[in-house]
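Have a look at the structure below before the remarks.
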Amino acid sequence: MKGLIKGMGVTLKTMTKQKVTHHYPDEPMNMPDRFRGIQHFDPEKCIVCNQCVRVCPTDCITLTGRKHPDPGKRGKIIDTYDINFEICILCDLCTEVCPTEAIVMTQNFELAAYSRDDLFKDMEWLHDNNSRIRSENNLNAKGVK
Ligand code: SF4
Ligand code: SF4
Numbered sequence: 100m101k102g103l104i105k106g107m108g109v110t111l112k113t114m115t116k117q118k119v120t121h122h123y124p125d126e127p128m129n130m131p132d133r134f135r136g137i138q139h140f141d142p143e144k145c146i147v148c149n150q151c152v153r154v155c156p157t158d159c160i161t162l163t164g165r166k167h168p169d170p171g172k173r174g175k176i177i178d179t180y181d182i183n184f185e186i187c188i189l190c191d192l193c194t195e196v197c198p199t200e201a202i203v204m205t206q207n208f209e210l211a212a213y214s215r216d217d218l219f220k221d222m223e224w225l226h227d228n229n230s231r232i233r234s235e236n237n238l239n240a241k242g243v244k
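Under this note's numbering, the first residue of the sequence shown is numbered 100, with each subsequent residue one higher.
Written out as C-alpha cells, the structure is:
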C-alpha cells in the first residue's frame with residue numbers, strides 16, 4: 100500500500116511538469132539555427148567553380164556545366180548537380196566554400212527511404228528543397244521564403 104501511494108505521488112508530480120516529448124511527425128521539429136540539414140541548391144547562382152566538389156570529403160557531389168550560351172556573357176552555367184546522400188555526412192563544407200551561396204544548408208533532415216536509389220538527389224530535387232533555409236543564408240537566398 101505504501102509503495103502504491105509513493106508511486107502515485109511520483110505520477111502526480113510528473114504530470115504537472117513540462118512535457119519533454121514531442122508529437123513528431125505530426126508536429127515538425129524545430130531544429131537549432133546552426134543545425135546542418137539537407138542542402139538547398141539554386142542553379143541560377145551557381146558559377147560552376149567546382150569548389151564544393153573539390154572540398155567534399157566523401158566525394159558525393161557530381162556536377163556538369165558548360166560555357167554560357169550567350170556569347171555576350173562570360174562564365175559557365177550549370178547543367179546537372181547531384182548529391183548522393185548515401186555518403187553525404189552533412190558536414191557543411193560545400194556550403195562554406197561556395198562563393199555565391201548557390202548551395203546552402205536547411206534545417207530539413209527527413210531522408211528516410213526504402214531504396215538506396217532514392218538517396219541520390221538531383222538538381223531539381225535540391226532546388227525544390229527550399230524550406231527552412233538557415234537564417235544566415237536565408238538573408239541572401241534569392242526568391243526563397
Ligand atoms: S555536406 Fe559535406 S559531405 Fe555533404 S555534400 Fe557537402 S561537403 Fe560533401
Ligand atoms: S561552390 Fe557553389 S558556385 Fe561553385 S560549383 Fe559549387 S555550388 Fe556552384
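Even for Gly, the Cβ is constructed at its ideal location relative to N, Cα and C.
CA-to-CA distance, residue 114 to residue 148, given in whole angstroms: The alpha-carbon atoms of residue 148 and residue 114 are separated by roughly 57 Å.
Same chain, Cβ closer than 6 Å to residue 263, neighbours up to 5 away in sequence not counted: Because the chain spans 100 through 244 in this model, residue 263 falls outside it and cannot be assessed.
Nearest residue (CA-CA) to residue 176, options 121, 226, 169, 165: The candidate whose alpha carbon is nearest that of residue 176 is 165.
Reduced DSSP category for residue 241 - H, G, I as helix; E, B as strand; rest coil: Its pLDDT being 45, under 50, residue 241 is placed unreliably by the model, and the measurement read from it follows with that caveat. For residue 241, the secondary structure class from DSSP, reduced to helix, strand or coil, is coil.
Exposure of residue 173, with buried meaning 16 or more beta-carbon neighbours within 10 Å: Flag for residue 173 reads exposed.
Near ligand 1: residue 189 beta-carbon under 7 Å from a heavy atom: Checking every heavy atom of ligand 1 against the Cβ of residue 189, one is found closer than 7 Å.
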